[in-house]
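Top to bottom, those sequences are chains A and B.
Position 104, counted from 1, in the first sequence is what my numbering calls 104; the numbers after and before it change by one each time, with no gaps.
Position 50, counted from 1, in the second sequence is what my numbering calls 50; the numbers after and before it change by one each time, with no gaps.
Report on one structure; see the data block that follows.
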Amino acid sequence: MPTLTDDLHDWLDQSRRRLKTLSLEPRLEQIGRVVQVGDGVATVQGLPGTRLDELLIFEGGVRGLAIDLGEDVIGCVLLGDTCEIASGSIVRGTGEVARVPVGEALLGRVVDALGLPLDGEEPPRTTLLSAVEQPAPAIVDRSRGRLRRASSSSTP
Amino acid sequence: MALDLGAEFARRLLAEVPMQARAEAWIERIEQSLKALPKTELDELTAQLKDGHTLTVVTASPLPPATADGWRNRLGRPLGNGIAIAFEVNPDLIGGAELHFPAAVLRFSWQSALAALRSEIDVHANAH
Numbered sequence: 001m002p003t004l005t006d007d008l009h010d011w012l013d014q015s016r017r018r019l020k021t022l023s024l025e026p027r028l029e030q031i032g033r034v035v036q037v038g039d040g041v042a043t044v045q046g047l048p049g050t051r052l053d054e055l056l057i058f059e060g061g062v063r064g065l066a067i068d069l070g071e072d073v074i075g076c077v078l079l080g081d082t083c084e085i086a087s088g089s090i091v092r093g094t095g096e097v098a099r100v101p102v103g104e105a106l107l108g109r110v111v112d113a114l115g116l117p118l119d120g121e122e123p124p125r126t127t128l129l130s131a132v133e134q135p136a137p138a139i140v141d142r143s144r145g146r147l148r149r150a151s152s153s154s155t156p
Numbered sequence: 001m002a003l004d005l006g007a008e009f010a011r012r013l014l015a016e017v018p019m020q021a022r023a024e025a026w027i028e029r030i031e032q033s034l035k036a037l038p039k040t041e042l043d044e045l046t047a048q049l050k051d052g053h054t055l056t057v058v059t060a061s062p063l064p065p066a067t068a069d070g071w072r073n074r075l076g077r078p079l080g081n082g083i084a085i086a087f088e089v090n091p092d093l094i095g096g097a098e099l100h101f102p103a104a105v106l107r108f109s110w111q112s113a114l115a116a117l118r119s120e121i122d123v124h125a126n127a128h
């Protein structure tokens, strides 16, 4: 039976192999800058490749959602504490559309707009992520779900 | 924590190398990387420095004035002579340098390299 030391050596060997193949060449990172901020919304200049609903990261780690793509500026809803964000703050794109964890582990939990816990508990353990912005379910589908729940709750 | 300690080891060992030698190695690497950039990207970067916008060079420790002048000349060749270049210090970089353009950053810092290594290890660890 492998011991903890064996496991650790195995992990170290695998890590060394992965790091050998990792390129450390400098990369060009596009950045944007905040030109205006207020009422939970920031206007960002730069980041021309930003997609609609892309998650942006502001200085200090606050995240935001790109909801308005103009010719020169991006309108962004801030999803965290805005105190550290000022005009001139640096903004980075993530290339990813905002997604949140979904599933039964969310039941009874209090989370923020990105699914991070606000109730002092561990992050919800889910296996699925779902885009924040997507078409609402059709009315027929919603009715079916309600009927299913109603029938299951009335079953003795 | 082990990785933070490793970074601290790197910082201490790097301090043993004379500043002049470190600065020469870094500017050579920066020059090579700028030369290797696709023309479209280099043009985009030089365009950002027009209209008086400044390129900020960030290093972990201050460059001696003569070295900073040398960097100005050598960066001016690929990016355009006469561009405004400012120098700033951020000890968190550990070593190397970063070129901050108005809308882009080119990172040659050890901090950035260590972050990439750490990220790779984290991905590996989370996969187990």
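We treat Cβ as the ideally placed atom computed from N, Cα and C, and that holds for glycine.
Would you report the Cα separation of E44(B) and R125(A), rounded to the nearest angstrom? 43 Å
I'd like to check one pair, T59(B) with H100(B): are the Cβ atoms closer than 7 Å? no
What does I31(A) reach in chain B if we use C-beta pairs closer than 9 Å? H100, F101, P102, A103, A104, V105
With 7 Å set as the bound, which would you pick, yes or no: does the beta-carbon of L117(B) sit closer than that to a beta-carbon of chain A? yes
What residues of chain A sit near F108(B), judged by a beta carbon separation below 7 Å? P26
Quick check: what's the CA-CA separation for T21(A) versus Q14(A)? 11 Å
Look up V17(B) in the DSSP assignment and give the residues it is bridged to. Note: V17(B) sits in no beta bridge, so no partner.
So within the region 12 to 100 of chain B, which uninterrupted beta strand (DSSP E) runs reach at least 3 residues, ignoring any that extend past its ends? 54 to 59, 84 to 89
Since F108(B) and S33(B) are thought to touch, with beta carbons under 8 Å apart, how far apart are those beta carbons, to the nearest angstrom? 7 Å
What's the C-alpha gap between R118(B) and A10(B)? 14 Å
Is the number of C-beta pairs between the region 75 to 94 of chain B and the region 56 to 67 of chain A that are closer than 8 Å three or more? no
For chain B, check one thing: does any of its Cβ atoms lie closer than 7 Å to the Cβ of S89(A)? no
DSSP on L56(A), reduced to helix/strand/coil? strand
With H, G and I counted as helix, E and B as strand and the rest as coil, what does DSSP make of V110(A)? coil
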